[in-house]
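**Student:**
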Amino acid sequence: MLRDELGWEIEPQNIALTNGSQSAFFYLFNLFAGRRADGTTRKVLFPLTPEYIGYADAGLEEDLFVATRPNIELLPEGQFKYHVDFEHLQVTEETGMICVSRPTNPTGNVITDEELIKLDALANQHGVPLVIDNAYGVPFPGIIFSDARPLWNPNIVLCMSLSKLGLPGSRCGIIIANEKIITAISNMNGIISLAPGGIGPAMMCEMIKRQDLLRLSETVIKPFYYQRVQETIAIIRRYLPEERCLIHKPEGAIFLWLWFKDLPISTELLYQRLKKRGVLMVPGDYFFPGLDKPWPHTHQCMRMNYVPDPQKIEAGVKILAEEVEFAWREQEA
5 MLRDELGWEI
15 EPQNIALTNG
25 SQSAFFYLFN
35 LFAGRRADGT
45 TRKVLFPLTP
55 EYIGYADAGL
65 EEDLFVATRP
75 NIELLPEGQF
85 KYHVDFEHLQ
95 VTEETGMICV
105 SRPTNPTGNV
115 ITDEELIKLD
125 ALANQHGVPL
135 VIDNAYGVPF
145 PGIIFSDARP
155 LWNPNIVLCM
165 SLSKLGLPGS
175 RCGIIIANEK
185 IITAISNMNG
195 IISLAPGGIG
205 PAMMCEMIKR
215 QDLLRLSETV
225 IKPFYYQRVQ
235 ETIAIIRRYL
245 PEERCLIHKP
255 EGAIFLWLWF
265 KDLPISTELL
275 YQRLKKRGVL
285 MVPGDYFFPG
295 LDKPWPHTHQ
305 CMRMNYVPDP
315 QKIEAGVKIL
325 AEEVEFAWRE
335 QEA
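Residues in the sequence shown are numbered consecutively from 5, following the working numbering.
#1: Ends of the beta strand (DSSP E) at glutamate 77?
#2: Can you name the start and end residues of the alpha helix (DSSP H) that alanine 20 belongs to?
#3: Ordered along the chain, which non-local residues of its own chain (more than five positions away) have a Cβ less than 7 Å from that of aspartate 89?
#4: Does the separation of the CB atoms of phenylalanine 29 and cysteine 163 fall below 9 Å?
#5: On the DSSP bridge assignment, give the partners of isoleucine 102 in chain order.
#6: By Cβ distance below 6 Å, which residues in the same chain neighbour leucine 120 in space, the five residues on each side in sequence not counted?
#7: For the beta strand (DSSP E) that contains serine 25, what are its first and last residues?
#8: Ignore the nearest five residues each way along the sequence and tell me which others in alanine 257's own chain have a CB closer than 7 Å to its CB.
#9: Can you tell me whether phenylalanine 69 is helix, strand or coil according to DSSP?
#10: For isoleucine 239, is the classification buried or exposed, using 16 other Cβ atoms within 10 angstroms of its Cβ as the cut-off for buried?
#11: Between the alpha carbons of valine 161 and proline 80, how many angstroms are there, rounded?
#12: Sort Met101, Phe149 and Ser221 by Cα distance to threonine 116 and report the nearest one.
#13: With distances taken Cα to Cα, identify the nearest neighbour of valine 132 among Ala37, Glu210 and Glu255.
#14: Grab the span of the alpha helix (DSSP H) containing serine 167 for me, first residue to last.
#15: Can you give the beta carbon distance from proline 205 to asparagine 23, rounded, assuming they're within the 8 Å contact cut?
#16: Given a threshold of 16 other Cβ atoms within 10 Å of its Cβ, counted over all protein chains shown, does arginine 40 qualify as buried or as exposed?
#17: What does a CB cutoff of less than 7 Å around leucine 64 pick up in its chain, not counting 5 residues either side in sequence?
#18: Within 10 Å of its beta-carbon, does arginine 3 have 16 or more other beta-carbons around it, so buried, or fewer, so exposed?
#19: Considering leucine 250, what are the terminal residues of the alpha helix (DSSP H) in which it resides?
#20: Quick check: the Cα distance between serine 105 and alanine 62, rounded to an integer number of angstroms?
#21: Closest to tyrosine 59 by CA distance: which of Phe144, Val233 and Phe291 is it?
#22: Check whether the segment 175–188 and the segment 6–25 are in contact - that is, three or more C-beta pairs closer than 8 Å.
#23: For glutamate 118, count neighbouring Cβ atoms within 10 angstroms of its own Cβ and tell me buried if that reaches 16, exposed if not.
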């Protein structure tokens with residue numbers, strides 16, 4: 005399918021299956037980073053943060069990650085967007101791999117085609133793989149609302165999943181890479197889990213044979229999430245004006261990323277207050293692995309899931325707005 009639809013020169017030996025994408029990243033992080041046989045260490049470079057919270061504990065070594073702060077572009081209608089800061093991005097002898105998610109959980113950010121091509125060139129220049137976490141991306145499940153061209157070549161490791169197709173219980177991760185990497189992943193699979201489960205791949209094969217996979221991604225999954233995110237943004241703006249809350253441009257994935265710029269309290273404290281009132285949102289500081297210096301921005305952001313019914317979203321956003329206003333009144337008092 006990928007060869008026919010995208011023109012990628014891949015064969016069966018370029019594909020490995022794992023028991024979920026979390027397992028895939030555990031394998032990859034510890035294959036390309038950490039302590040090596042000669043005693044030196046290599047690190048995972050995140051060229052853009054915030055990044056996926058699940059990466060943080062996927063390494064066997066301490067201090068496995070290095071990250072670069074993003075450039076922040078302010079946009080109309082109270083939105084903003086993160087961009088890779090290539091001026092300060094450093095690929096060094098300690099870099100074992102470059103890793104990006106596209107779209108990104110938690111922000112919904114999609115790095116541009118131009119940024120991705122630059123990262124691929126940097127990875128090739130320094131002889132390290134570029135790993136792309138494509139759990140929400142194209143061609144499937146297609147939860148992506150901006151123009152984004154999928155990219156693969158033998159120096160790219162592309163990771164995909166069936167979870168966002170509505171099959172999280174199948175625990176099926178997909179790795180597309182060069183034959184040498186796939187051989188190593190297959191060996192790790194054999195040691196750790198003997199073999200990946202077969203239910204998810206069997207269902208996917210049938211969907212591909214019936215030509216349902218891409219059709220459902222484009223006509224069912226993507227429109228559902230796009231409608232949900234637009235409804236949620238409208239609800240947020242009814243209760244929180246731009247002066248109180250900026251929203252990262254929703255380009256994909258199933259979360260919104262809110263920036264409470266200059267909020268008098270940290271989002272960790274805001275989280276505690278919301279939790280007491282039955283509203284669960286994740287404070288932003290958990291999503292910045294690898295930063296070497298403190299950054300106030302990490303304590304000004306929160307992730308929210310926009311998928312629940314609009315009535316539940318509105319009830320939660322109303323409480324969120326009340327707590328934000330209470331924090332400002334506290335400061336004024």
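Glycine residues also receive a C-beta, built at the ideal position from the N, C-alpha and C atoms.
**Tutor:** In terms of the structure at hand:
#1: 75–79
#2: Per DSSP, alanine 20 belongs to no alpha helix (DSSP H); it is in the beta strand (DSSP E), 19–22.
#3: Thr72, Arg73, Pro74 and Asn75
#4: yes
#5: Leu49 and Leu134
#6: Leu155
#7: Here serine 25 belongs to no beta strand (DSSP E); instead the alpha helix (DSSP H) covers 25–36.
#8: Pro107, Thr108, Asn109, Gly112, Tyr140 and Ile147
#9: strand
#10: buried
#11: 35 Å
#12: Phe149
#13: Ala37
#14: Per DSSP, serine 167 belongs to no alpha helix (DSSP H) and is neither H nor E.
#15: Rounded, the Cβ-Cβ distance is 11 Å, inconsistent with contact.
#16: exposed
#17: Asn34 and Gly38
#18: The structure shown does not extend to residue 3, since the chain is modelled only from 5 through 337, so no value can be given for it.
#19: Here leucine 250 belongs to no alpha helix (DSSP H); instead the beta strand (DSSP E) covers 250–252.
#20: 15 Å
#21: Phe291
#22: yes
#23: exposed
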